[in-house]
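The structure appears below as structure tokens.
In our numbering, the protein residues as written are 200 to 306.
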């Protein structure tokens, strides 16, 4: 099991999910919006601050060559995938415990 990363914010979780394929900033914003059903709408400042943090953590990395006619793209790394997997396990535990409690009270 991967080392605990702590709870991820919803925005970080969706940013990481969106980067299972290389995307540039605007593409990430669109993908996060679609994945969250419109619940998470990232502003440019929030997104680029998050991308910088995720690069520093080693969870994402620049992808391909940046050029005059090419936007900077990012892609998730193996440690980033491990963070997503750990978050899914954490969320599944929350659901299971919540259902056990709610189901137990309703019986």
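Built from N, CA and C at the ideal position, the CB exists for glycine as well. Fair warning: this is a prediction, and the values are worked out from it, not measured in the lab.
For residue 272, there is no enclosing alpha helix (DSSP H); the residue is part of the beta strand (DSSP E) that begins and ends at 272 to 275.
Secondary structure of residue 219 (DSSP, three-state): coil. Across the set 212, 211, 281 and 217, the C-alpha of 217 shows the shortest separation from the C-alpha of residue 274. The continuous alpha helix (DSSP H) containing residue 252 extends over residues 243 to 256. Taking all protein chains in view, the Cβ of residue 283 is crowded by 16 or more other Cβ atoms within 10 Å, so the residue is classified as buried. Inter-segment contact for the segment 218 to 225 and the segment 287 to 305 is absent: fewer than three beta-carbon pairs are separated by less than 8 Å.
When rounded, the separation of the alpha-carbon atoms in residue 263 and residue 276 is 14 Å. DSSP places residue 237 outside any alpha helix (DSSP H), giving it a letter other than H or E. Relative to residue 231, the option among 256, 214 and 219 whose CA is nearest is 214.
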